[in-house]
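Mind the numbering: the sequence shown is residues 0 to 262 in numbering that gives the first Met the number 0, read in order.
Here a beta-carbon is modelled for each residue, glycine too, at the ideal position from N, C-alpha and C.
Everything on this sheet refers to the single structure shown next.
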Amino acid sequence: MRQNDHTPGFGSAARFVVQAFKGINLDVKSLPGIYIGVVMGRDAGFLTAASGLAREFEDDGPHLIYLPERPFSRDKFVQDVKETYEKYGRCIVAVSEGIRTESGELFVASLKKDLEVDPHGNVSLSGTAALGEALVAELKKEISGRIRCDTFGYLQRSFFECVSDVDRSEAREVGERAVQFAVWGEKDGSVGIKRTGNYSVDYVLNDLKDVARVTRSMPDEYINEEGNYITDEFRLYCRPLLGSGIRGTAKLRAPKVPKLLNK
Numbered sequence: 000m001r002q003n004d005h006t007p008g009f010g011s012a013a014r015f016v017v018q019a020f021k022g023i024n025l026d027v028k029s030l031p032g033i034y035i036g037v038v039m040g041r042d043a044g045f046l047t048a049a050s051g052l053a054r055e056f057e058d059d060g061p062h063l064i065y066l067p068e069r070p071f072s073r074d075k076f077v078q079d080v081k082e083t084y085e086k087y088g089r090c091i092v093a094v095s096e097g098i099r100t101e102s103g104e105l106f107v108a109s110l111k112k113d114l115e116v117d118p119h120g121n122v123s124l125s126g127t128a129a130l131g132e133a134l135v136a137e138l139k140k141e142i143s144g145r146i147r148c149d150t151f152g153y154l155q156r157s158f159f160e161c162v163s164d165v166d167r168s169e170a171r172e173v174g175e176r177a178v179q180f181a182v183w184g185e186k187d188g189s190v191g192i193k194r195t196g197n198y199s200v201d202y203v204l205n206d207l208k209d210v211a212r213v214t215r216s217m218p219d220e221y222i223n224e225e226g227n228y229i230t231d232e233f234r235l236y237c238r239p240l241l242g243s244g245i246r247g248t249a250k251l252r253a254p255k256v257p258k259l260l261n262k
């Protein structure tokens, strides 16, 4: 919905994605390799982009983020991963399920032709691991080493213990405003959240024709020029929505010593 700053539920889903990639980052540090996390987002990359807020230190993952708003090139993807892997000894990738080729075709559909489709003829994305497996297969053609993938599936939007307090409060307010508009104002429509400051919001009533079947895409200023990561503008947009209490990680400032092996 282009009329909304964000919808109820996004903050909690984004919080899950951030914390998942924080954990993945530590896991891949302990057992180096290449990891790909496939996140929901057929036409918009907001949820996948949220993974970038997991990064606290320069060498933390995710190191690469690919979104539906930018054409996805198999060759550039492989090269990006190679360079990151050589630099850090590991590479963590967040990718939207809806990444598309230059021609606009779903990337996973360009590689696999036997995909499941829904009653509307759309390729089913969230219920399959096809994209992650396809990307792993492409990397294994040119890179040796440990390469793994996960498809986050429904967990990212339904994990009960990962709720943003900001999201919880706003969702309740949206429901209350909907009742007020309907009962007191005798109006119909869709209640939207409008950002008015850093961070404050107002609740507005949108006409259904302005929100039904309309997708809000990531603005250009939220995506870097290379099309493989987010910008500070997106971090400023997304951080308040995650809520409070997200744990950080730390590094020991200990001097490195030579490794001694008994002969």
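Within 9 Å, strictly: CB atoms of residue i and residue j
i: Ser-11; j: Asp-166; result: yes
i: Thr-127; j: Thr-150; result: yes
i: Ile-245; j: Gln-18; result: yes
i: Gly-44; j: Ile-23; result: no
i: Asn-205; j: Ser-216; result: no
i: Arg-147; j: Ile-35; result: yes
i: Gly-103; j: Gly-40; result: no
i: Lys-81; j: Ile-142; result: yes
i: Val-27; j: Ser-95; result: no
i: Gly-184; j: Tyr-202; result: no
i: Val-162; j: Arg-14; result: yes
i: Gly-196; j: Arg-69; result: no
i: Tyr-198; j: Pro-254; result: no
i: Tyr-84; j: Gly-144; result: yes
i: Val-77; j: Thr-47; result: no
i: Phe-106; j: Phe-71; result: yes
i: Glu-169; j: Val-210; result: no
i: Gly-152; j: Arg-89; result: no
N- and C-terminal bounds of the alpha helix (DSSP H) containing residue i
i: Asp-74; result: 73-87
i: Ala-48; result: 45-48
Presumed contact (8 Å Cβ cut-off) between residue i and residue j, rounded CB distance
i: Phe-20; j: Ala-93; result: 7 Å
i: Thr-214; j: Leu-25; result: At roughly 34 Å, the Cβ-Cβ gap does not stay under 8 Å, so Thr-214 and Leu-25 are not in contact.
i: Ile-222; j: Leu-66; result: 6 Å
i: Lys-193; j: Asp-4; result: 6 Å
i: Gly-131; j: Ile-91; result: The Cβ separation is near 13 Å, so there is no contact.
i: Val-256; j: Pro-7; result: With 8 Å as the limit, Val-256 and Pro-7 do not qualify as a contact, their Cβ atoms being about 52 Å apart.
i: Glu-232; j: Glu-220; result: 5 Å
i: Ser-243; j: Asp-164; result: 6 Å
i: Arg-73; j: Glu-137; result: 6 Å
DSSP beta-bridge partners of residue i
i: Ile-33; result: Cys-90, Ile-146
i: Arg-99; result: Leu-105
i: Val-38; result: Ser-95
The beta strand (DSSP E) enclosing residue i, as first and last residue numbers
i: Leu-63; result: 63-65
Exercise. Along the chain, which unbroken stretches of the beta strand (DSSP E) at least 3 residues long are found entirely within the segment 126-150?
Worked result: 146-150
For this session: Taking only runs that begin and end inside the segment 180-243, name each unbroken alpha helix (DSSP H) of 4 or more residues, in chain order.
Result: 231-237
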